[in-house]
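What follows is a short report on a single structure.
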Amino acid sequence: MSHYIDVILPIPVENLFTYVITEAEAGFLKAGMRVAVPFGKTKVYTAVVKTIHTNAPLKYEAKQIHQILDETPIVTETQLRLWDWMANYYLCAVGDVMRAALPNAFILESETLISKNKDKVICDTDLKDDEFLIYEALQHQSSLRIQDIVDIVDRKQVFPIIKRLLEKEAIVVEEEVFEKYKPKLVKYVKLQNQHTTQSGLQQLLEDLSRAPKQRDVVMSLFQLSAKTKKAIKVSELTEASGASNSIIKSLIDKSVLEEYFIQTDRVEFDGKASEASKALNTEQTEALHQIKTSFETHQVTLLHGVTSSGKTEVYVKLIEAVLKTGKQVLYLLPEIALTTQLVNRLQIYFGEQVAVFHSKYSAHERVEVWNNVLSNAPKAQVVLGARSSIFLPFKSLGLIIVDEEHEQSFKQFDPAPRYHARDSAVVLAHFHGAKTLLGSATPSLESYFNVQQRKYGLVEITKRYNNVLMPDIELIDIKDKHKRKLMKGHFSDRMIQVMAETLEEGHQIILFQNRRGFSPIVECNTCGHSPQCPNCDVSLTFHSYRNQLRCHYCGYNIAKPLKCQACGDTALDTKGFGTEQIEEEVKQLFPNHKAGRMDLDTTRGKYGYEKIITAFEQQEMDILVGTQMLTKGLDFRNVALVGIMNADNLLNFPDFRAHERSYQLLSQVSGRAGRTEKQGKVLIQTYNPFHNILQQVSTNNYVAMYKEQMDERYNFKYPPVYRLIRVTLKHKDFNRVNTASVWLGTALRQVFGDYVLGPVDPPVARIRNQFHKNILIKIPSKQSLGGTKKAIVKINNSFMNVKDFRSVRLILNVDAY
Ligand code: ADP
Ligand code: ZN
Numbered sequence: 001m002s003h004y005i006d007v008i009l010p011i012p013v014e015n016l017f018t019y020v021i022t023e024a025e026a027g028f029l030k031a032g033m034r035v036a037v038p039f040g041k042t043k044v045y046t047a048v049v050k051t052i053h054t055n056a057p058l059k060y061e062a063k064q065i066h067q068i069l070d071e072t073p074i075v076t077e078t079q080l081r082l083w084d085w086m087a088n089y090y091l092c093a094v095g096d097v098m099r100a101a102l103p104n105a106f107i108l109e110s111e112t113l114i115s116k117n118k119d120k121v122i123c124d125t126d127l128k129d130d131e132f133l134i135y136e137a138l139q140h141q142s143s144l145r146i147q148d149i150v151d152i153v154d155r156k157q158v159f160p161i162i163k164r165l166l167e168k169e170a171i172v173v174e175e176e177v178f179e180k181y182k183p184k185l186v187k188y189v190k191l192q193n194q195h196t197t198q199s200g201l202q203q204l205l206e207d208l209s210r211a212p213k214q215r216d217v218v219m220s221l222f223q224l225s226a227k228t229k230k231a232i233k234v235s236e237l238t239e240a241s242g243a244s245n246s247i248i249k250s251l252i253d254k255s256v257l258e259e260y261f262i263q264t265d266r267v268e269f270d271g272k273a274s275e276a277s278k279a280l281n282t283e284q285t286e287a288l289h290q291i292k293t294s295f296e297t298h299q300v301t302l303l304h305g306v307t308s309s310g311k312t313e314v315y316v317k318l319i320e321a322v323l324k325t326g327k328q329v330l331y332l333l334p335e336i337a338l339t340t341q342l343v344n345r346l347q348i349y350f351g352e353q354v355a356v357f358h359s360k361y362s363a364h365e366r367v368e369v370w371n372n373v374l375s376n377a378p379k380a381q382v383v384l385g386a387r388s389s390i391f392l393p394f395k396s397l398g399l400i401i402v403d404e405e406h407e408q409s410f411k412q413f414d415p416a417p418r419y420h421a422r423d424s425a426v427v428l429a430h431f432h433g434a435k436t437l438l439g440s441a442t443p444s445l446e447s448y449f450n451v452q453q454r455k456y457g458l459v460e461i462t463k464r465y466n467n468v469l470m471p472d473i474e475l476i477d478i479k480d481k482h483k484r485k486l487m488k489g490h491f492s493d494r495m496i497q498v499m500a501e502t503l504e505e506g507h508q509i510i511l512f513q514n515r516r517g518f519s520p521i522v523e524c525n526t527c528g529h530s531p532q533c534p535n536c537d538v539s540l541t542f543h544s545y546r547n548q549l550r551c552h553y554c555g556y557n558i559a560k561p562l563k564c565q566a567c568g569d570t571a572l573d574t575k576g577f578g579t580e581q582i583e584e585e586v587k588q589l590f591p592n593h594k595a596g597r598m599d600l601d602t603t604r605g606k607y608g609y610e611k612i613i614t615a616f617e618q619q620e621m622d623i624l625v626g627t628q629m630l631t632k633g634l635d636f637r638n639v640a641l642v643g644i645m646n647a648d649n650l651l652n653f654p655d656f657r658a659h660e661r662s663y664q665l666l667s668q669v670s671g672r673a674g675r676t677e678k679q680g681k682v683l684i685q686t687y688n689p690f691h692n693i694l695q696q697v698s699t700n701n702y703v704a705m706y707k708e709q710m711d712e713r714y715n716f717k718y719p720p721v722y723r724l725i726r727v728t729l730k731h732k733d734f735n736r737v738n739t740a741s742v743w744l745g746t747a748l749r750q751v752f753g754d755y756v757l758g759p760v761d762p763p764v765a766r767i768r769n770q771f772h773k774n775i776l777i778k779i780p781s782k783q784s785l786g787g788t789k790k791a792i793v794k795i796n797n798s799f800m801n802v803k804d805f806r807s808v809r810l811i812l813n814v815d816a817y
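The UniProt record's numbering numbers the first residue of the sequence shown as 1 and each following residue consecutively.
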């Protein structure tokens, strides 16, 4: 009797593949282990074992596997179940899910590039002979494809050797993304121990009496570190002492200073929990009690608590209770930007039990977290992470918290699987028999709808912690202000007046503008032409900082032209406005105060956010201008005023969720105001102060917003009443994408009738020289997806059989945002 395994390959194919294994291998292999398998003529893939059986495949002769890569499963049965669910629900290949789920270092394939790890010193004696062969080859060539290594060592040995080299940190798997986000090492120095005593220091200063510059450095270092009692950044030291790097180097060579490197983007933390969690107030206690009761009858409960009502402290109590039962907790957040503040907060209570899973962590760090979670290590009892952390190999989850559950960044846009982490979390928790708590001050209509349908429980906190009042929200009619010439740039007289008062009182200000760049577009006053991206159907955006025009879709950029490209006139004007321009105007209006900016342009890299957030927290800035990044749950103590420069471009966004989103954004950004004793002030500038959404925001009336929006969703058949599947077709040839989309629209209409809309052009119909067409399928959300999926897959298959369409990219997005 022969033995076989079905494996998942990390590629977008529908099926599993079957390989033949020996009897011995069959005794050893388990589902969730990795194997290296041959594929096609030359390829080698890392595959994950799904099932072990004795049925030979009917259509092809099974090949042998190359090698078993794990001693025990690295993927759990529950994960395999989640992968299946995801592939099914989001209409993608399980291989797509595997690729998204596993840290890249786990999925080696023939094309993977490896290179020497330059940060690690490896002695020849550290390596076995075969390992050395590969390492040696990397001396001569900066990187190698795994495929090429087959020539160096026995084919069957390739993967095990690579794996061992990775474990020894001798090599790194190369990937652009990792290169870009490679942990930044910052050089620190401190005095060697023998010089830190009183007498030691005196002796040292005497020894250096003939080298005054070096002496100055030691003095500066001493002064700086007396304050912080820590090692000092070299950059800080050179600045304080005025010494050059070479002077510092000579002190290191002389063993006066000791140098070391600290990875700046890992959260520094000394391990121990330092405080007991806070006692809850009456509202929080009541909410905690209600959540526990709700969990008795509901797997999912929504905590709807106004901004600053103290939801986090309630989560903390729930986490404590779950940890006591020996189970793990997953804490999902929409964005990395939030983690720093929250990690600090959780580590105070839970110490080392908190693990953070960053998508921007290096390959190695991610493997580390993976292994800790898998072994249920004490170090990973509470995992904090953005959407991809639902893929971690939890052994026994007790609770998943989805904080800021309304955030759209929980939905993955590209590539497949285009999953929603909140909805997937609910499924994952269900598989574990765990509970899910969704938290928000402005719940998604989806979640609130589920509450109305009695699928989810609901718990509310309507007061802010410590009886702090909800901010006072004032709407400013800028149409009227313009008419009466009461605007300075984009600032109304009222805005300027309240800003001045706020600064006078020593409080800080946040200004919200939902666009980055200086002013979105440049327009010729004479002929009206505005420069377009050559690759995409959009106007270029002006960024004054670099004096550039840039495409926000493909990154294309040019220097700002002096003349109109169409008519040659020099009367180029800027239209609309962005964060950069607001910052500039603020600086002119309040030259004696410091203003800063937080948007995609100023926060690139992992470190960007933290720098700005910290600077603002420590009040090194008085006014912070930013995009929606500012709205995300940040807790700044001293902000008394939030100004929204223009609410209208949010409200008028062409999307069925625009009103819901405006409500959420405006309420969330308003929630940053007055989080301590003083009641915060919010000023919203708008051309349309009687807009229902603005009225609902200013009266904090979520339920009114919900009801009105739901009426529209019912009437126009949109989520959460209907489920949306968006089909996007892409091709570089406009005619081909056009024909293909008409064909597909007709085919879909034959099955789904009027529930099919389109094909239509998306708002930006060409991106990176690819033409796009969209088709929407609406399915009543009560209807099961099973039949729908079968129908779509069938249509999809016949689509692919049309020769002309084979090169058309077809993208399915279930629950599209
Ligand atoms: P939310 O997440 O609901 O916006 P937070 O959890 O950030 O609110 O709480 C708002 C502020 O109130 C925070 O600064 C927090 O430290 C403080 N706070 C909340 N609950 C308590 C408590 N029980 N004891 C002391 N401070 C609390
Ligand atoms: Zn472009």
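All C-beta atoms in this analysis are idealised placements derived from N, C-alpha and C, irrespective of residue type, glycine included.
Item, Value
"DSSP state of PHE449 mapped onto helix, strand, coil", "helix"
"Extent of the continuous alpha helix (DSSP H) to which MET710 belongs", "702-715"
"Residue interval of the alpha helix (DSSP H) (run including HIS289)", "282-297"
"Distance between ALA640 and VAL177 (C-alpha atoms, nearest Å)", "Model confidence at VAL177 stands at a pLDDT of 32, short of 50, so the residue's coordinates are unreliable and nothing is read from them."
"CA nearest to the CA of TYR706, picked from TRP743, ILE725, ARG661 and VAL669", "ARG661"
"Near ligand 2: ASN535 beta-carbon under 7 Å from a heavy atom", "yes"
"Span separating the alpha-carbon of PRO417 from that of SER388", "11 Å"
"Contact set for ARG366: own chain, Cβ-Cβ below 6 Å, skip 5 residues either direction", "PRO103"
"Beta-carbon gap between TYR556 and CYS524 smaller than 8 Å", "no"
"Contact between the stretch 63-70 and the stretch 19-36 (3+ Cβ pairs under 8 Å)", "yes"
"Bounding residues of the alpha helix (DSSP H) (the contiguous stretch that carries GLU136)", "129-140"
"Identity of the residue in ASN344, ALA62, LEU683 and GLU335 nearest ILE5 by Cα", "ALA62"
"CYS554 beta carbon near ligand 2 (any heavy atom closer than 7 Å)", "yes"
"Beta-carbon proximity list for LYS411, same chain, < 6 Å, skipping 5 on both sides", "HIS420 and TYR817"
"Check: CYS551 C-beta below 7 Å from any heavy atom of ligand 2", "yes"
"ILE232, buried or exposed, once every other Cβ within 10 Å from all chains shown has been counted against 16", "buried"
"Contiguous beta strand (DSSP E) assignments of at least 3 residues, all confined to the stretch 622-705", "623-626, 639-644 and 681-686"
"THR307 CB to nearest heavy atom of ligand 1 below 7 Å", "yes"
"Residues of its chain near LEU469, where Cβ-Cβ distance is below 6 Å and the 5 sequence neighbours each way are ignored", "GLN679"
"Contacts around VAL451, its chain only, beta-carbon distance under 7 Å, and the 5 residues preceding and following it disregarded", "LEU302 and LEU458"
"Distance cut-off 7 Å: GLN284 Cβ against heavy atoms of ligand 1", "yes"
"Residues bridged to residue 893 [DSSP beta-bridge criterion]", "Residue 893 lies beyond the range of the chain shown here (1 to 817); nothing can be said about it."
"Where HIS482 falls, given that 16 or more other Cβ within 10 Å makes a residue buried", "exposed"
"Alpha-carbon to alpha-carbon, ILE792 and LEU810", "12 Å"
"Local conformation of ILE400 per DSSP, three classes", "strand"
"Status (buried if at least 16 other CB within 10 Å, exposed otherwise) for LYS317", "buried"
"Straight-line gap, LEU280 to ALA211 (C-alpha atoms, nearest Å)", "59 Å"
"Own chain residues within Cβ distance below 8 Å of VAL13, not counting five before or after", "ALA93 and GLY95"
"Through-space distance from GLY671 to THR462, alpha-carbon basis", "13 Å"
"CB contact flag (PRO393, GLN353, <8 Å)", "no"
"Whole-number beta carbon distance between GLY398 and residue 837, since they are thought to touch under 8 Å", "Here the chain has residues from 1 to 817 only, and residue 837 is not among them."
"Length of the line joining the Cα atoms of VAL814 and ILE401", "23 Å"
"Cβ neighbour criterion (16 or more within 10 Å) applied to ARG81", "exposed"
"CYS567 burial status per 10 Å Cβ neighbour count (16 or more: buried)", "exposed"
"Cβ neighbours of ARG766 in the same chain (closer than 6 Å, five flanking residues each side left out)", "CYS536 and ASP537"
"Sub-8 Å separation of LYS50 and LEU16 beta-carbons", "yes"
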